[in-house]
Amino acid sequence: MQDIIKIIGVDCSAEVGLAMGEYHNSGISLFETKFGSDGNSIAEIIVDWIQTDDKVVLAIDAPLGWPEDLGNSLSSHLVGQTLSVESNLLFRRETERFIKKTLGKQPLDVGADRIARRTNPHQPMYDMVVIADGYMESALILARKCLEDNNDKKADIVIFPILFSVNHAIELYLKATNWALNILLKNEERYTGGHDIIQVWNTVKKRSDGYESTNKERKNRFRSMTQNLKKYLHELQKKLDSDTVKPKMMNMDFSRYPINGDGEYHFYLQTYDNVVVDLENLVIVFEEIGDSLNLIASDYIEKATFVPD
0 MQDIIKIIGV DCSAEVGLAM GEYHNSGISL FETKFGSDGN SIAEIIVDWI
50 QTDDKVVLAI DAPLGWPEDL GNSLSSHLVG QTLSVESNLL FRRETERFIK
100 KTLGKQPLDV GADRIARRTN PHQPMYDMVV IADGYMESAL ILARKCLEDN
150 NDKKADIVIF PILFSVNHAI ELYLKATNWA LNILLKNEER YTGGHDIIQV
200 WNTVKKRSDG YESTNKERKN RFRSMTQNLK KYLHELQKKL DSDTVKPKMM
250 NMDFSRYPIN GDGEYHFYLQ TYDNVVVDLE NLVIVFEEIG DSLNLIASDY
300 IEKATFVPD
């Protein structure tokens with residue numbers, strides 16, 4: 000019979016948080032969580048959770064091992080000197096590389112994660128994905144808030160920041176993906192400019208087809224993961240095609256301004272009928288789109304910036 004191991008986690012970020020659970024039969028059960036400010040001291044909370052015969056693992060939010068390359072580089076480093084080791088090797092241990100290879104997901108870097116790592120020349124690609132996550136999540140939070148209670152009809156006005164945030168998130172995901180693909184294809188440009196996400200999507204699709212030309216499985220996976228995005232952009236294209244906005248203005252301005260640069264109303268003000276947005280479906284669809292685009296962008300960025308051991 001497998002022993003029961005009690006696991007106590009301590010997260011010392013903005014406010015100390017504690018969690019207690021048990022590992023048994025290859026599974027973990029969570030029993031209790033507390034803040035360090037709940038009354039008793041942190042030590043008292045932990046002691047209260049531990050019984051005499053318990054086997055305990057105390058997991059504190061601090062890395063128990065650092066990347067080997069980081070230690071070797073810093074041991075003889077002087078202020079102002081250039082570090083010759085590629086940044087991913089400085090901030091990622093074999094643990095992170097194993098998880099990425101095995102699960103296909105990139106864990107947090109042990110040294111500095113995402114937007115905090117500014118010395119990496121490729122960092123802006125990672126940053127674009129982080130900011131895209133923020134825009135997408137803010138849109139979903141607003142949409143869910145409206146679904147919870149819309150008695151004050153707030154959905155009628157917050158739909159504009161919702162759509163703006165969704166479209167800007169898509170733009171950032173796609174531009175980060177495009178940038179990574181250009182590196183992989185050895186193209187000179189970083190990413191397509193402008194805010195026309197339909198144009199940016201067409202460019203990304205072309206770059207992906209080019210890069211995956213000999214890998215049918217990855218090409219099919221890309222198409223499967225972007226089906227909802229493709230449907231949304233097709234529906235958006237139909238709305239924009241019905242607009243009087245000139246082709247050069249065919250971008251995301253409809254969610255930012257009621258009129259275009261020529262003083263013409265956008266499509267939703269060119270009719271006396273209500274333009275209806277299904278918020279329940281919006282949340283479902285854009286959760287999937289956001290997750291898929293994050294995975295696609297992260298995957299290509301990892302390939303574009305990978306340095307073999």
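Taking numbering that gives the first Met the number 0, I'd label the letters of the sequence shown as residues 0 to 308. Glycine included, C-beta positions come from ideal geometry on N, C-alpha and C. Source: prediction; values computed, not measured.
Inter-residue distance for ILE283 and LYS100 is about 29 Å (C-alpha atoms, whole angstroms).
Taking C-beta separations shorter than 6 Å and ignoring five residues to either side along the sequence, the partners of SER28 in its chain run GLY20 and GLU21, following chain order.
Apart from sequence neighbours up to five positions away, the residues of its chain that approach ASP2 with a beta-carbon distance below 7 Å are LYS54, ordered along the chain. In this structure, the beta-carbon distance from ARG96 to ASP108 does not fall below 8 Å. Cβ neighbours of ILE49 within its own chain (closer than 6 Å, five residues either side excluded): VAL55. Here LYS230 is exposed. Its C-beta has fewer than 16 other C-beta atoms within 10 Å. In this structure, PHE221 keeps its C-beta atom at 8 Å or more from the C-beta atom of GLU234.
Contact between TYR134 and LEU171 holds, since their C-beta atoms are separated by about 7 Å, short of 8 Å.
Under DSSP, THR32 takes part in a beta bridge, and its partners are ALA18. In this chain, the beta strand (DSSP E) harbouring GLY8 covers 4-11. Considering only ILE6, GLU301, ALA58 and GLU216, the residue with the shortest C-alpha distance to LEU183 is GLU301. Within the same chain, GLU211 come within 6 Å of LYS218 by CB-CB distance, once the 5 residues on both sides are set aside. Inter-residue distance for ALA175 and TYR190 is about 7 Å (C-alpha atoms, whole angstroms).
Only residues of its own chain outside the window of five on either side were considered, and among them MET124, ARG189 and TYR190 have a CB closer than 7 Å to the CB of TRP178, listed in chain order. The DSSP-derived three-state label of HIS194 is coil. If you ignore the 5 residues before and after GLU93, its C-beta comes within less than 7 Å of no other C-beta in its own chain. VAL128 and GLU136 have their alpha carbons spaced roughly 12 Å apart. Rounded to the nearest whole angstrom, the CA to CA distance from LYS205 to GLN236 is 18 Å.
The alpha-carbon separation between ASN149 and VAL165 amounts to approximately 20 Å.
Scanning ASN214, SER207, LYS215 and TRP200 for the CA closest to the CA of LEU228 turns up TRP200. A check of alpha carbon separations from ILE158 across ASP277, GLU43 and SER40 identifies ASP277 as the nearest.
Contact between LEU146 and ILE161 does not hold, since the beta-carbon distance rounds to 11 Å and is not under 8 Å.
The continuous alpha helix (DSSP H) containing LYS218 extends over residues 215-224.
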